[in-house]
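Notes follow the structure.
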Amino acid sequence: MLNQYLDIQPEVAEALANNQPVVALESTIISHGMPYPRNVETALMVEEAIREQGAIPATIAIIGGRLKVGLDEAQIRHLGQAGQQVTKVSRRDIPFVVAAEKDGATTVAATMILAEMAGIKVFATGGIGGVHRGAQQTFDISADLQELANTNVAVVCAGAKSILDLGLTREYLETQGVPVVGYQTDSLPAFYTRESEHSVDYRLETPEQIAAALKAKWQMELNGGVVVANPIPEAYAMAPEVITNAIETALREAEEQGIAGKASTPFLLARVCELTGGNSLDANIQLVLNNARLGAQIAKNYC
-16 MLNQYLDIQP EVAEALANNQ PVVALESTII SHGMPYPRNV ETALMVEEAI REQGAIPATI
44 AIIGGRLKVG LDEAQIRHLG QAGQQVTKVS RRDIPFVVAA EKDGATTVAA TMILAEMAGI
104 KVFATGGIGG VHRGAQQTFD ISADLQELAN TNVAVVCAGA KSILDLGLTR EYLETQGVPV
164 VGYQTDSLPA FYTRESEHSV DYRLETPEQI AAALKAKWQM ELNGGVVVAN PIPEAYAMAP
224 EVITNAIETA LREAEEQGIA GKASTPFLLA RVCELTGGNS LDANIQLVLN NARLGAQIAK
284 NYC
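Residue numbers (my numbering): -16 to 286.
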């Protein structure tokens, strides 16, 4: 029944059939996360970084109502040029975008769903969504967290986006039984910075150890994802006070302008980029590349 909706790129399908490593990549980062042409350049660089580690990249999106696992360069360029005109797709949106035969850029949650449909176990991204600041009043909690509770895909990220409430995000993941693994770190990284005041559940030193834990979890049918928190490389990390000031300014402006829901994250990330003179965009690109390399190494060991 799935074949009715799902197109797996031949190279990706062949790798999966032969138990070769495949790493899923999201497309919201292309359409909504970065300006053109940096978004396309970054997407292609990330795919190349995965290939250099000996794995196959599978960028995921919805094109013309078809669920696509693995995109070609023309499709990536199309998503990058169309930018925010492309619908941002989470779990709830998938059937409507498919039925309307539209294009969709997949969030962390939607990418996890399509990756699991295809049989991909490892997904590399920038940062996961989480509990937004002020969620005690707004109940604004990313669908990414609920997906991590239910979907058997490991998400390699630089922690949760620093525009979020990291403490509440951490509590939510713990309640849902989602393990947070720190790669060579005891501290939950905060996207642009290597550390936060929050700890991880387990510190693991090698991709082999992470792959072994994933295999044990899913072979025992302990369903749900795993957060693999991989700190941004030290050379590209931003000073905590610089990023904190930018985030607080952006949050205040979002509130004044009444920006909320799924419009809030693209607005905040773009505004933080402006306030840091573009430094946050450079940092964002480097941490995604770093996560892609680690994702490929974990996928190789998992296979």
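C-beta: ideal position from N, C-alpha, C; glycine also.
Item                                                                                                                                                                       : Value
At the level of alpha carbons, what is the spacing between Leu156 and Glu204?                                                                                              : 19 Å
Distance check for Gly53 and Pro(-7), CA to CA, integer angstroms please.                                                                                                  : 8 Å
Would you tell me roughly how many angstroms separate the C-alpha atoms of Arg151 and Val114, rounded to the nearest one?                                                  : The question names Arg, but residue 151 is Leu in the sequence shown. One C-alpha to the other measures close to 6 Å.
How is the alpha helix (DSSP H) around Asp256 delimited, first residue to last?                                                                                            : Rather than Asp, the amino acid found at residue 256 in this sequence is Cys. Per DSSP, Cys256 belongs to the alpha helix (DSSP H) from 247 to 258.
On the criterion of 16 or more Cβ atoms from any shown chain inside 10 Å, does Thr25 qualify as buried, or is it exposed?                                                  : buried
Taking the alpha-carbon positions, what's the Gly278 to Phe106 distance?                                                                                                   : 7 Å
For the region 62 to 106, list the beta strand (DSSP E) runs that are entirely contained and at least 3 residues long, ordered along the chain.                            : 70 to 72, 87 to 89
Pick helix, strand or coil for Ala222, following the three-state DSSP scheme.                                                                                              : coil
Count the other CB atoms within 10 Å of the CB of Ser182; is the residue buried (16 or more) or exposed (fewer)?                                                           : exposed
Glu31: which of Tyr285, Val271, Ile281, Thr11 sits nearest, CA to CA?                                                                                                      : Val271
If Ile33 sits next to Val6, beta carbons under 8 Å apart, how far is it from one beta carbon to the other, in whole angstroms?                                             : 5 Å
Within the same chain, show all residues whose beta-carbon is closer than 7 Å to that of Lys245, passing over the 5 residues directly before and after it, in chain order. : Lys71
Shortest alpha-carbon distance to Gly87 belongs to which of Gly117, Pro172, Met100, Gln58?                                                                                 : Gln58
What are the start and end residues of the alpha helix (DSSP H) that includes Leu8?                                                                                        : Note, Leu8: premise wrong, no alpha helix (DSSP H); beta strand (DSSP E) at 5 to 8.
In the DSSP assignment, what are the bridge partners of Pro172?                                                                                                            : DSSP lists no partner for Pro172.
Going by the CB atoms, is the gap between Ile124 and Ala118 shorter than 7 Å?                                                                                              : yes
Run through the region 124 to 173 for me and flag every whole alpha helix (DSSP H) of 4 or more residues, listed as ranges in chain order.                                 : 126 to 133, 149 to 158
Under 8 Å by Cβ, that's how I've got Ala212 and Pro172 pegged, so tell me the actual separation to the nearest angstrom.                                                   : 5 Å
Count the CB pairs spanning the region 234 to 250 and the region -3 to 6 that are closer than 8 Å, and state whether there are at least three.                             : no
Hey, Phe174 and Gly208: beta-carbon distance below 7 Å or not?                                                                                                             : no
Rounded to whole angstroms, what is the Cα-Cα separation between His15 and Ile46?                                                                                          : 16 Å
Would you mind stating whether Tyr185 and Val210 have Cβ atoms separated by less than 7 Å?                                                                                 : no
Using the C-alpha atoms, what's the distance from Asp76 back to Lys51?                                                                                                     : 15 Å
CA-CA distance, Cys286 and Ala195?                                                                                                                                         : 10 Å
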